[in-house]
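Numbers in our numbering are just positions in the sequence shown, counted from 1, shifted up by 40. From the three backbone atoms N, C-alpha and C, an ideal C-beta is built for every residue, glycine too.
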Amino acid sequence: MDIVRKRKSVRNYTDTPISDETLREILEAARLAPSAKNLQEWKFIVVRDEQTKRALVEVAKGQRFVGDAAAVIAGVATYTTYTMTNGVPACHVDLAIAMEHIALAAAEKGIGTCWIGAFYQERAKELLDVPDDCLVVALMTLGYPEEELVPEKKPRKSMEEILCWERYC
């Protein structure tokens with residue numbers, strides 16, 4: 041539970057780069073993530089090029105910290121038409137699990153991350169050369185935080201407010 045408590049959204053990064061080896065170790069967590077029917081229908085685009093990161097700032101609705109991160113990872117669903125029996129598209133769930141694996145693996149290494157769901161889909165696909173039949177499900181910034189990652193005491197609902205036993209309450 042320590043790493044879950046330590047992980048938080050980071051938007052202020054140092055200019056220290058993240059090595060290829062460290063990025064591969066972090067992405068190994070995504071590779072090992074579970075997926076519906078074990079299809080693993082995803083690709084992860086790692087962006088470190090300064091010009092592309094600056095372009096991603098505009099794609100992400102002007103969120104400047106995107107350009108300041110050491111890397112931005114785009115989680116791309118390569119098969120978007122499979123819907124699970126419960127009616128939910130599998131790609132959204134699968135990529136959410138994989139991206140959170142990235143966030144936790146990064147936090148374990150002292151690297152901060154921030155989920156980005158506020159971005160223009162078509163512009164992201166065009167910038168990153170993502171095929172039309174694929175979907176960029178999420179972007180995530182990664183970088184060494186200006187401040188140490190320490191557990192934050194953000195307001196959270198109590199367990200009693202979110203937990204139901206046997207039936208919805």
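- Look at the region 116-168 and you find these whole runs of alpha helix (DSSP H), each 4 residues long or longer: 130-148, 161-167.
- By the criterion of a C-beta distance shorter than 8 Å, GLU65 is surrounded in its chain by ALA145, LYS149, once the five residues flanking it on both sides are discounted.
- Excluding five sequence positions before and after TYR122, the CB atoms of its chain that fall closer than 8 Å to its own CB belong to ALA76, LYS77, LEU79, GLU81, PRO129, ALA130, CYS131, given in chain order.
- Taking C-beta atoms as the reference points, ALA110 and PHE159 fail to come closer than 8 Å.
- Assignment of LEU189 by DSSP, reduced to helix, strand and coil, places it in the coil class.
- Taking C-beta separations shorter than 7 Å and ignoring five residues to either side along the sequence, the partners of GLY157 in its chain run ALA178, following chain order.
- The alpha carbon of VAL176 has as its nearest neighbour, out of THR118, ARG88, GLY107, the alpha carbon of THR118.
- Straight-line spacing of the CA atoms in PHE84 and MET139 works out to 9 Å.
- Boundaries of the alpha helix (DSSP H) harbouring LYS46: 42-46, taken from the DSSP string.
- Proximity of the region 178-189 to the region 53-65 meets the contact definition, three or more beta-carbon pairs being nearer than 8 Å.
- VAL97 and ALA136 have their C-alpha atoms spaced approximately 21 Å apart.
- Residue range 60-71 is occupied by the alpha helix (DSSP H) that includes ILE66.
- Under the three-state reduction of DSSP, THR92 is assigned to helix.
- DSSP links LYS83 through a beta bridge to VAL116.
- Going by C-alpha positions, MET124 is about 19 Å away from ASP173.
- Membership of VAL106 in the alpha helix (DSSP H) is indicated by the continuous run 105-108.
- Taken through DSSP and simplified to helix, strand or coil, ALA178 comes out as strand.
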